[in-house]
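Read through the structure below, which is laid out as C-alpha coordinates, and then see the notes.
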Amino acid sequence: MQIQVLKSKIHRVKVTQAELHYVGSVTIDEDLIDAAWLIENEKVQIVNVNNGERFETYVIKGPRKSGTICLNGPAARKAQVGDIIIIISYATMDFEEAKKWKPYLIFPDTNNKLI
(Lines of atoms letter the chains of each structure in order from A and count residues from 1; the text may use other names and numbers.)
(Lines give C-alpha, C1' and ligand atoms only; values in the text may rest on other atoms or scores of the structure.)
Protein backbone atom coordinates (compact mmCIF):
# COMPACT_ATOMS: atom_id res chain seq x y z
CA MET A 1 0.00 0.00 0.00
CA GLN A 2 1.21 3.51 -0.87
CA ILE A 3 0.30 6.50 1.30
CA GLN A 4 1.04 10.23 1.22
CA VAL A 5 3.07 11.66 4.09
CA LEU A 6 4.61 14.99 4.99
CA LYS A 7 7.90 15.29 3.09
CA SER A 8 8.90 18.78 4.17
CA LYS A 9 7.61 22.00 5.66
CA ILE A 10 8.85 25.58 5.69
CA HIS A 11 7.10 26.82 8.80
CA ARG A 12 5.91 30.41 9.22
CA VAL A 13 7.63 32.45 6.53
CA LYS A 14 6.57 35.97 5.64
CA VAL A 15 5.21 36.80 2.19
CA THR A 16 7.60 39.39 0.73
CA GLN A 17 5.88 39.92 -2.63
CA ALA A 18 2.63 39.18 -4.46
CA GLU A 19 2.74 39.46 -8.28
CA LEU A 20 -0.74 39.03 -9.74
CA HIS A 21 0.26 39.45 -13.40
CA TYR A 22 2.68 36.54 -13.53
CA VAL A 23 2.45 32.86 -14.43
CA GLY A 24 1.22 31.15 -11.24
CA SER A 25 3.64 29.73 -8.68
CA VAL A 26 5.50 30.55 -5.48
CA THR A 27 9.04 31.94 -5.66
CA ILE A 28 11.14 30.76 -2.70
CA ASP A 29 14.67 31.72 -1.63
CA GLU A 30 16.93 28.94 -2.95
CA ASP A 31 18.47 28.44 0.52
CA LEU A 32 15.01 27.54 1.87
CA ILE A 33 14.32 25.28 -1.12
CA ASP A 34 17.51 23.33 -0.48
CA ALA A 35 16.96 23.09 3.29
CA ALA A 36 13.39 21.84 2.82
CA TRP A 37 14.45 19.25 0.23
CA LEU A 38 12.27 20.82 -2.45
CA ILE A 39 12.96 21.09 -6.17
CA GLU A 40 11.90 23.63 -8.77
CA ASN A 41 8.44 22.87 -10.23
CA GLU A 42 7.51 20.63 -7.28
CA LYS A 43 3.87 20.84 -6.19
CA VAL A 44 3.40 22.41 -2.75
CA GLN A 45 0.50 23.32 -0.52
CA ILE A 46 0.41 26.83 0.93
CA VAL A 47 -1.43 27.54 4.18
CA ASN A 48 -1.99 31.19 5.12
CA VAL A 49 -1.89 31.64 8.90
CA ASN A 50 -3.45 35.12 8.67
CA ASN A 51 -6.62 34.27 6.73
CA GLY A 52 -6.90 30.47 6.65
CA GLU A 53 -6.53 30.16 2.86
CA ARG A 54 -5.15 26.81 1.63
CA PHE A 55 -4.08 26.26 -1.96
CA GLU A 56 -1.66 24.36 -4.16
CA THR A 57 0.94 25.70 -6.57
CA TYR A 58 4.49 24.89 -7.64
CA VAL A 59 7.98 26.05 -6.68
CA ILE A 60 10.17 28.55 -8.55
CA LYS A 61 13.71 29.28 -7.34
CA GLY A 62 14.28 32.74 -5.95
CA PRO A 63 17.61 34.44 -5.32
CA ARG A 64 19.73 32.69 -2.69
CA LYS A 65 19.96 34.48 0.70
CA SER A 66 17.25 36.94 -0.37
CA GLY A 67 14.46 35.78 1.96
CA THR A 68 12.10 35.94 -1.04
CA ILE A 69 8.65 34.41 -0.66
CA CYS A 70 6.58 35.66 -3.60
CA LEU A 71 3.10 34.46 -4.52
CA ASN A 72 2.63 34.73 -8.28
CA GLY A 73 -0.44 34.75 -10.51
CA PRO A 74 -3.79 33.83 -8.95
CA ALA A 75 -2.01 32.81 -5.71
CA ALA A 76 -1.29 36.52 -5.18
CA ARG A 77 -5.00 36.91 -4.33
CA LYS A 78 -4.70 34.41 -1.47
CA ALA A 79 -2.28 36.44 0.69
CA GLN A 80 -0.98 39.93 1.28
CA VAL A 81 2.62 41.02 1.67
CA GLY A 82 3.45 40.49 5.34
CA ASP A 83 1.13 37.49 5.81
CA ILE A 84 2.66 34.43 7.48
CA ILE A 85 2.41 31.21 5.49
CA ILE A 86 3.43 27.57 5.81
CA ILE A 87 4.75 25.77 2.71
CA ILE A 88 4.17 22.01 2.74
CA SER A 89 5.27 19.20 0.43
CA TYR A 90 4.16 15.58 0.50
CA ALA A 91 5.65 12.30 -0.75
CA THR A 92 4.06 9.00 -1.70
CA MET A 93 5.74 5.97 -0.21
CA ASP A 94 5.21 2.44 0.96
CA PHE A 95 3.33 2.15 4.24
CA GLU A 96 6.24 0.45 6.05
CA GLU A 97 8.77 2.98 4.71
CA ALA A 98 6.48 5.81 5.83
CA LYS A 99 6.59 4.56 9.43
CA LYS A 100 10.34 5.30 9.49
CA TRP A 101 10.27 8.52 7.45
CA LYS A 102 11.45 11.76 9.11
CA PRO A 103 10.28 14.91 7.29
CA TYR A 104 12.45 17.97 6.70
CA LEU A 105 11.05 20.69 8.98
CA ILE A 106 12.48 24.19 8.45
CA PHE A 107 11.89 27.03 10.92
CA PRO A 108 13.30 30.25 9.38
CA ASP A 109 13.75 33.48 11.34
CA THR A 110 11.45 36.50 10.95
CA ASN A 111 13.41 37.59 7.84
CA ASN A 112 12.88 34.21 6.11
CA LYS A 113 16.52 33.23 6.69
CA LEU A 114 17.80 29.89 7.90
CA ILE A 115 18.70 29.80 11.58
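In the numbering used here, the protein residues as written are 2 to 116. Beta carbons: idealized from backbone N, C-alpha and C, even for Gly.
Boundaries of the alpha helix (DSSP H) harbouring residue 33: 31-36, taken from the DSSP string.
DSSP places residue 56 in no alpha helix (DSSP H) but in the uninterrupted beta strand (DSSP E) bounded by 55-63. Using a Cβ-Cβ distance cut-off of 8 Å, the segment 8-20 and the segment 89-107 are in contact, since at least three pairs of beta carbons, one from each stretch, lie closer than that value.
In the displayed model, residue 80 falls within coil according to three-state DSSP, outside both helix and strand. Counting other Cβ atoms within 10 Å of its Cβ, residue 109 reaches 16 or more and is therefore classed as buried. Per DSSP, residue 98 is one residue of the alpha helix (DSSP H) stretching across 96-101. DSSP places residue 20 inside the beta strand (DSSP E), whose first and last residues are 18-20. Taking a contact to require three or more Cβ pairs closer than 8 Å, the segment 98-108 and the segment 58-70 do not qualify as touching.
Scanning its chain for C-beta atoms nearer than 8 Å, with the 5 sequence neighbours on each side dropped, one finds around residue 84 the residues 15, 16, 49, 50, 51, 52, in chain order. Note on geometry: alpha-carbon atoms of residue 21 and residue 72 lie some 8 Å from one another.
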